[in-house]
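Reading the sequence shown from the start, the letters are residues 1 to 356 in full-length UniProt numbering.
Think of the CB as a built atom: it goes at the ideal place given N, C-alpha and C, for glycine as much as any other residue.
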Amino acid sequence: MVSTPQKPQAVQPGVKVPAKDTILTPRFYTTNFEEMAAMDISANEEELQAIIEEFRVDYNRHHFVRDEEFNQSWDHIDGKTRELFIEFLERSCTAEFSGFLLYKELSRKLKGKNPVLAEGFELMSRDEARHAGFLNKAMTDFNLSLDLGFLTQSKSYTYFAPKFIFYATYLSEKIGYWRYITIYRHLEKNPEDRIYPIFRFFENWCQDENRHGDFFDAVLRANPQFLNDWKARLWCRFFLLSVFATMFLNDLQRSGFYAAIGLNARDYDIEVIKKTNETAGRVFPIILDVENPEFYERLDRCAANNIKLGEIAASNEPGFVKTLQKLPLILNTAWQLIALFLMPPIRVDQNWSVAR
Ligand SMILES: [Fe+2]
Ligand SMILES: [Fe+2]
Numbered sequence: 001m002v003s004t005p006q007k008p009q010a011v012q013p014g015v016k017v018p019a020k021d022t023i024l025t026p027r028f029y030t031t032n033f034e035e036m037a038a039m040d041i042s043a044n045e046e047e048l049q050a051i052i053e054e055f056r057v058d059y060n061r062h063h064f065v066r067d068e069e070f071n072q073s074w075d076h077i078d079g080k081t082r083e084l085f086i087e088f089l090e091r092s093c094t095a096e097f098s099g100f101l102l103y104k105e106l107s108r109k110l111k112g113k114n115p116v117l118a119e120g121f122e123l124m125s126r127d128e129a130r131h132a133g134f135l136n137k138a139m140t141d142f143n144l145s146l147d148l149g150f151l152t153q154s155k156s157y158t159y160f161a162p163k164f165i166f167y168a169t170y171l172s173e174k175i176g177y178w179r180y181i182t183i184y185r186h187l188e189k190n191p192e193d194r195i196y197p198i199f200r201f202f203e204n205w206c207q208d209e210n211r212h213g214d215f216f217d218a219v220l221r222a223n224p225q226f227l228n229d230w231k232a233r234l235w236c237r238f239f240l241l242s243v244f245a246t247m248f249l250n251d252l253q254r255s256g257f258y259a260a261i262g263l264n265a266r267d268y269d270i271e272v273i274k275k276t277n278e279t280a281g282r283v284f285p286i287i288l289d290v291e292n293p294e295f296y297e298r299l300d301r302c303a304a305n306n307i308k309l310g311e312i313a314a315s316n317e318p319g320f321v322k323t324l325q326k327l328p329l330i331l332n333t334a335w336q337l338i339a340l341f342l343m344p345p346i347r348v349d350q351n352w353s354v355a356r
C-alpha cells in the first residue's frame, strides 16, 4: 500500500475545506490498470453480463430528485448535532466520490481492452456520481459544499493491486448497502427520528450499492484463484477486519450523530457487521467469528482508545506530552487488532456448492 500525495491548490472562499486525512478517513484508490485490463473474466461472463444489463436499466434514473421537503430552513439542526450532521454528509460524499473517481478511471483505462469490465465500471461510476452529487447538494442546505475538483487533486491516492481492489470494493459496496438499509428501516419504524429528508432516499439508493457489490462478487468468482487458497483466506480475513474495525471506530467516535436519529451507534454497527459478514460468506472462503464475545470486547477497547486519542489530540498539552500520552493507547490498539486478526475465522467455502 503506497500513498502518493498530490499537490493541493487553494480552496475557494465559501467552500468547505476538506477534513484532514487520518487512517480512518475515506480514501481514494488507484491500481495497476494494465493488470486489470488483462484480467480474464470469461469464466463468469454470463453473470456479469446479466448484472450489467440491470445497470443499463437504470432503476434510479429519476430517484435522486430533491423534492418539496428540502425547501425549508435547517437551522433548527444546530450545535453539536449540526456539526456531526455536516461531518456525516461530508464523509459520505467523499466516500461516494471516491467510488466515482476509481470506477470512472477504470472504465476509461479499460475501454477497448476489457469491454465487460469497462462497461460495468462506467455504469457504476454513473451511480456514484449521482450519490456524491446528491450528498453535496444536501450540504448546501447547511450553507456548505465540497469542492470535488479540489478534492480530486488534493487527496492522496492509495495504491492497491487489482485483487485487493476487488476485495475492498466488494466489501465497501456491501457494507454500504447494509448501512443505508439499516438506517432506512429504523426510520421507517420511527418516523419521528427522520430529522432530514435524505434518509427517505436510502431505500432505492442502497439497491445501487447492492448491485455494485454483486458485480464485484461476480468478478471475484470469475477469478477463483482470488478465493481458493490460504492466501485468499488470509486476505479476506484482513479486509473483513479492516472494514469492520474502521467503521466501528469511526461510528463510536460519532455516536452523537446516530443518537440524533434515534440509533445506538454500537448496536447499529453490530447489526451492520453481522449482516455484512453473512453476506460476504456467499463469496469469501471465510467469515469472521463476530458472535464470539471476544470480538466486541477487543473492538470496544480499540474504540475507547480511539476516543481518548482524539481527546489528547484536541488538548493544549505540548507536542511531546501528547506523544507520550498517545503511545500506550496506540500500542494497545495495535495489540487488540493483532489479537482480532489471529482469532480463528469460520470456513464457509465447504458450504458453497449447497448455498449457490
Ligand atoms: Fe454509492
Ligand atoms: Fe456503490
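Neighbourhood of residue i by C-beta distance below 7 Å, restricted to the same chain and skipping five residues each side
{"i": "Glu173", "result": "Glu209, His212, Gly213, Phe216"}
{"i": "Phe226", "result": "Lys163, Phe166, Leu220, Ala232"}
{"i": "Leu144", "result": "Lys16, Ile86"}
{"i": "Glu47", "result": "Ala218"}
{"i": "Asp269", "result": "Met247, Phe248, Asp251"}
{"i": "Ala339", "result": "Arg298"}
{"i": "Lys113", "result": "Ala37"}
{"i": "Lys275", "result": "Trp178"}
Between the CA atoms of residue j and residue i - distance to the nearest angstrom
{"i": "Gln253", "j": "Asn60", "result": "33 Å"}
{"i": "Phe121", "j": "Arg82", "result": "35 Å"}
{"i": "Leu309", "j": "Asn332", "result": "12 Å"}
{"i": "Arg301", "j": "Gly79", "result": "29 Å"}
{"i": "Pro18", "j": "Ser154", "result": "9 Å"}
{"i": "Asn32", "j": "Phe97", "result": "20 Å"}
{"i": "Ser92", "j": "Phe248", "result": "15 Å"}
{"i": "Pro345", "j": "Val15", "result": "45 Å"}
{"i": "Met139", "j": "Glu203", "result": "20 Å"}
{"i": "Gln350", "j": "Gly319", "result": "52 Å"}
{"i": "Tyr296", "j": "Ile41", "result": "38 Å"}
{"i": "Leu101", "j": "Ser125", "result": "7 Å"}
{"i": "Trp178", "j": "Phe284", "result": "17 Å"}
{"i": "Lys7", "j": "Leu151", "result": "Low confidence applies here, because Lys7 scores a pLDDT of 40, under 50, leaving its location unreliable and the question unanswered by this model."}
{"i": "Leu89", "j": "Arg56", "result": "28 Å"}
{"i": "Ile51", "j": "Leu324", "result": "52 Å"}
{"i": "Ala38", "j": "Asn136", "result": "35 Å"}
{"i": "Lys111", "j": "Ala222", "result": "19 Å"}
{"i": "Asp67", "j": "Leu234", "result": "47 Å"}
{"i": "Asp141", "j": "Ala132", "result": "15 Å"}
{"i": "Tyr29", "j": "Leu148", "result": "15 Å"}
{"i": "Leu327", "j": "Tyr170", "result": "34 Å"}
{"i": "Gly176", "j": "Glu271", "result": "13 Å"}
{"i": "Ala260", "j": "Glu188", "result": "15 Å"}
{"i": "Leu337", "j": "Glu317", "result": "28 Å"}
{"i": "Leu123", "j": "Gln207", "result": "14 Å"}
{"i": "Leu241", "j": "Ile273", "result": "10 Å"}
{"i": "Ala43", "j": "Asn228", "result": "15 Å"}
{"i": "Leu106", "j": "Ile77", "result": "39 Å"}
{"i": "Tyr157", "j": "Ile181", "result": "29 Å"}
Terminal residues of the beta strand (DSSP E) in which residue i lies
{"i": "Phe28", "result": "28 to 30"}
Terminal residues of the alpha helix (DSSP H) in which residue i lies
{"i": "Thr158", "result": "From DSSP, Thr158 is part of no alpha helix (DSSP H) but of the beta strand (DSSP E) over 157 to 159."}
{"i": "Thr152", "result": "148 to 154"}
{"i": "Ile348", "result": "First, the amino acid is wrong: residue 348 is Val here, not Ile. Careful: Val348 lies outside any alpha helix (DSSP H) and carries neither H nor E."}
{"i": "His212", "result": "202 to 222"}
{"i": "Ala314", "result": "293 to 314"}
{"i": "Phe226", "result": "Looking at the DSSP string, Phe226 is not in any alpha helix (DSSP H), and its letter there is neither H nor E."}
{"i": "residue 372", "result": "The structure shown does not extend to residue 372, since the chain is modelled only from 1 to 356, so the question has no answer here."}
{"i": "Thr81", "result": "79 to 110"}
{"i": "Tyr258", "result": "255 to 260"}
{"i": "Phe64", "result": "Unbroken run through Phe64: none, as it is neither H nor E."}
{"i": "Glu119", "result": "115 to 140"}
{"i": "Ala19", "result": "Note, Ala19: premise wrong, no alpha helix (DSSP H); not H, not E."}
{"i": "Val283", "result": "Taken as a continuous stretch (DSSP letters only), Val283 belongs to no alpha helix (DSSP H), as it is neither H nor E."}
{"i": "Phe55", "result": "45 to 57"}
{"i": "Met39", "result": "First-last for Met39: undefined, no H or E at that position."}
Contacting residues, own chain, Cβ-Cβ under 8 Å from residue i (five flanking each side not counted)
{"i": "Glu278", "result": "Ile287"}
{"i": "Phe201", "result": "His63, Phe64, Phe134"}
{"i": "Arg237", "result": "Ile286, Leu288, Phe341, Pro345"}
{"i": "Met343", "result": "Leu288, Asp289, Asn292, Glu294, Phe295"}
Cut-off 6 Å between Cβ atoms - residues of its own chain near residue i, not counting five sequence neighbours on either side
{"i": "Ala265", "result": "Asp251, Leu252, Ser255, Tyr258"}
{"i": "Val348", "result": "Gly281, Ile287"}
{"i": "Met36", "result": "Pro162"}
{"i": "Leu117", "result": "Leu110"}
{"i": "Leu329", "result": "Asn305, Lys308, Leu309"}
Whole-Å CB distance - residue i paired with residue j, under 8 Å assumed
{"i": "Tyr184", "j": "Trp74", "result": "Wrong, their Cβ atoms sit about 20 Å apart, outside the cutoff."}
{"i": "His186", "j": "Leu263", "result": "6 Å"}
{"i": "Glu128", "j": "Tyr159", "result": "About 20 Å; that fails the 8 Å criterion."}
{"i": "Thr94", "j": "Pro26", "result": "5 Å"}
{"i": "Ala313", "j": "Lys322", "result": "7 Å"}
{"i": "Ala168", "j": "Phe244", "result": "Contact flag wrong, Cβ pair sits at about 13 Å."}
Cβ-heavy atom distance, residue i to ligand 4, below 8 Å
{"i": "His63", "result": "Of the ligands one can find in the structure shown, namely ligand 1 and ligand 2, none is ligand 4."}
_Which residues neighbour ligand 1 when neighbourhood means a C-beta less than 5 Å away from any of its non-hydrogen atoms? List them by chain order._
Glu96, Glu128, His131
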